[in-house]
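Under the numbering used here, the residue at position 291 of the sequence shown is numbered 1302, and the numbers go up by one with no gaps. Here a beta-carbon is modelled for each residue, glycine too, at the ideal position from N, C-alpha and C.
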Amino acid sequence: MVVIGIFLLLSQTADAQILMPNYAFSFTVNENTSMLVSGKTELNGIINGIPMNESDLPFDTSSFTYLQILYPDLASLLDDMLNSGNLSMYPLLIDHGSTNLLNTVYLINVNTKSVQTFKKVKVDVKNDSMVLGGAALNVNLGDIVIPYALSAMIKMEVVEGFNNPFFVLLTDSDINISVVNSPSYLLASTSILTGEGGGGRLTLENENGNVIWDEPDKDWIAVIDESKVYLNFNSSAFLLPVSGGKQALSLRVTPAEKTPDVMGLLDKASSLMPEGEGGSVENILNLPEGLNTFISPLLQASNGACILFGTNSSINVNGKEERFVNMGLIRFNYCDFNVKEQNGETMVSAEGDGKLLFLGDSVYNDIPAQEVNGFPVPVHPIAVWILSIGVFIIFTIVLKKKEKNGEKGDKKEKKGSMGMFPVSLPEEHKKFLKWGSLVFYVLLLIAVFILFDSAFGYLLGFSAFSSTLSGAPLLLCGVLFVLQLFCMSLAYIFFGLPIKIAAHSILNYIGLGKEGRFLWRGIGLLSMWLLGVSYILYVLNTLILFLHSMIPNMLGGFAG
1012 MVVIGIFLLL SQTADAQILM PNYAFSFTVN ENTSMLVSGK TELNGIINGI
1062 PMNESDLPFD TSSFTYLQIL YPDLASLLDD MLNSGNLSMY PLLIDHGSTN
1112 LLNTVYLINV NTKSVQTFKK VKVDVKNDSM VLGGAALNVN LGDIVIPYAL
1162 SAMIKMEVVE GFNNPFFVLL TDSDINISVV NSPSYLLAST SILTGEGGGG
1212 RLTLENENGN VIWDEPDKDW IAVIDESKVY LNFNSSAFLL PVSGGKQALS
1262 LRVTPAEKTP DVMGLLDKAS SLMPEGEGGS VENILNLPEG LNTFISPLLQ
1312 ASNGACILFG TNSSINVNGK EERFVNMGLI RFNYCDFNVK EQNGETMVSA
1362 EGDGKLLFLG DSVYNDIPAQ EVNGFPVPVH PIAVWILSIG VFIIFTIVLK
1412 KKEKNGEKGD KKEKKGSMGM FPVSLPEEHK KFLKWGSLVF YVLLLIAVFI
1462 LFDSAFGYLL GFSAFSSTLS GAPLLLCGVL FVLQLFCMSL AYIFFGLPIK
1512 IAAHSILNYI GLGKEGRFLW RGIGLLSMWL LGVSYILYVL NTLILFLHSM
1562 IPNMLGGFAG
């Protein structure tokens, strides 16, 4: 028994996941929905550049007419690009990045109009926001795997007059992309366009890795004579425009093994954002008013999750049609996001395997329940109580041991109907049963608490134990501890207590009631282990329904 107890204690983490229900889900939202997604992110697809006019370029092209005479090759590249009629650009926020080895790079000073020509060089960019322009350029994502990213679907005005939808990925990982489809490219700091910022640097390295040119990038434009450019960069905010053209973008998101300092990512990305876009990532992500106070714990706990604001879209869960009410939170084992154009709108469809689905006013669960005055009463615990009462009656009344008086008034017990009970154990066996069942009971008691703690961590991303270890506020730890004890108490009432009563009546009948008192108590705990954990979602949903009835507008501030 001790060995079994230790095995159960060590295997509780796996059991928490095995015993929890999972739900297949799918939904579709449009570009007007604020959405946050967090976790390990796998990207695949081709992104079209944002269409732009020549007047949107960060310099006056008419001022470079002299290039026709002095630099005919450069003038030809610019003419092919600017007169193609399909000029486009791609925004980049780069902490540090570099291209592959390029055949020819022209550097144009926007102030002095001077030009420098370089052969067989790499372009290196540090700490700035850039625009990469070309003729109908495409960005090929290939298969990008980012260990952790916080992604948001937002709208942002990169080109004046055009409010484009984007996926923004906040990450501290390196990213590799290839830019294709244009005969040549422009690379310029957005500070040239806005006249603000410009703290980055533009560096050229030769094929041996030696720096041959290094200047602030606020005065220079790079013209790249290459049909394909490979770019490796680290970006706190990786921008993916998702409208126009025939782009195909897909993301698979799973829980990340390790999460970085998310608030640090927000601050770092804010420093690269153009000041005209709101000044901070929190504003750009269009978070609902009042949520900024909770942004740190919310983001830390959102690993492997999707959060939606301001939507009443439908969601299909295990083949059933449900609906979000103003907001939603889905924690999943995996989720696939796909972007498509539909009736002039950018639509994002998602499908995956969920473990917690909060629909705005309720937590989805499939526990069978019967409505009694509007309150969902679970069916299975009632059935367990009825069965346990039946077992109790059978073994304490129907099969009650018969007694008869001896000749001198002594009472002698008769064996049961099968001639087997009550059993007689040697004294050493009784001691072993007594102390062995005690150890089993204590180990199981500890394991059940750890199991429920692990289940909360699996469902919510945090638990009383993990929050305490991470140094979370004592109030949060206390609330989680009380919530977990409440769920354990209900699981005990639902399953532990009736099964303990039934086990006690059986063990007492066979003659092990006294020595096995910790055994039947442990059997009650074991039933909580096997049956009670899956009712956590039911308990959470009941609490939310109760709070929602007491405070009808408690979620109104996050409706978007």
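Nearest-angstrom Cα separation, counted from residue j out to residue i
i	j	result
residue 1342	residue 1453	33 Å
residue 1331	residue 1278	41 Å
residue 1085	residue 1192	19 Å
residue 1338	residue 1164	15 Å
residue 1106	residue 1182	11 Å
residue 1405	residue 1382	31 Å
residue 1103	residue 1034	37 Å
residue 1424	residue 1512	Annotation note: pLDDT 49 at residue 1424 (below 50); position unreliable, coordinate value reported separately. About 23 Å.
residue 1262	residue 1470	22 Å
residue 1166	residue 1184	24 Å
residue 1529	residue 1275	51 Å
residue 1153	residue 1472	31 Å
residue 1357	residue 1499	45 Å
residue 1031	residue 1314	18 Å
residue 1523	residue 1449	14 Å
Three-way DSSP call (helix, strand, coil) for residue i in this model
i	result
residue 1529	helix
residue 1399	helix
residue 1065	helix
residue 1465	helix
residue 1133	strand
residue 1110	strand
residue 1030	helix
residue 1365	strand
residue 1394	helix
residue 1490	helix
residue 1339	strand
residue 1056	strand
residue 1553	helix
residue 1083	helix
residue 1535	helix
residue 1509	helix
Buried or exposed by the 16-neighbour rule on C-beta atoms within 10 Å, applied to residue i
i	result
residue 1475	buried
residue 1552	buried
residue 1353	exposed
residue 1052	buried
residue 1218	exposed
residue 1388	exposed
residue 1428	For residue 1428, the pLDDT reaches just 47, beneath the cut-off of 50, and the residue's location in the model is therefore unreliable, leaving the point undetermined.
residue 1139	buried
residue 1379	exposed
residue 1495	buried
residue 1481	exposed
residue 1397	exposed
residue 1225	exposed
residue 1377	exposed
residue 1125	exposed
residue 1558	exposed
residue 1222	exposed
residue 1548	buried
residue 1390	exposed
is_contact[residue i, chain C] using C-beta, thresh 8 Å
i	result
residue 1176	In the displayed structure, chain C is absent; only one protein chain is listed.
Closest residue to residue i among the options (Cα-Cα distance)
i	options	result
residue 1029	1510, 1462 and 1535	1462
residue 1197	1098, 1123 and 1166	1098
residue 1237	1179, 1132, 1228 and 1214	1132
residue 1385	1232, 1556 and 1059	1556
residue 1609	1372, 1528 and 1249	Only positions 1012 to 1571 of the chain appear in this structure, which leaves residue 1609 out of reach.
residue 1123	1538, 1229 and 1155	1229
residue 1544	1399, 1370, 1403 and 1466	1466
residue 1235	1345, 1184, 1087 and 1262	1087
residue 1393	1265, 1459, 1266 and 1509	1509
residue 1374	1199, 1056, 1096 and 1546	1546
residue 1129	1502, 1215 and 1534	1215
residue 1250	1326, 1195, 1199 and 1142	1142
residue 1581	1174, 1501, 1036 and 1135	A query on residue 1581 cannot be resolved here, the shown segment of the chain reaching from 1012 to 1571 and no further.
residue 1468	1491, 1497 and 1348	1491
residue 1253	1060, 1489 and 1554	1060
residue 1459	1266, 1542 and 1328	1542
Contact the segment 1034-1048 vs the segment 1322-1329: 3+ CB pairs below 8 Å
yes
Per the contact definition of three or more C-beta pairs closer than 8 Å, is the segment 1092-1100 in contact with the segment 1140-1150?
yes
Segment contact flag, the segment 1154-1170 with the segment 1270-1277, C-beta cutoff 8 Å, min 3 pairs
Judged by Cβ distances under 8 Å, the segment 1154-1170 makes contact with the segment 1270-1277, as three or more pairs qualify.
Is the segment 1359-1366 touching the segment 1476-1488, taking contact as three or more C-beta pairs under 8 Å?
no
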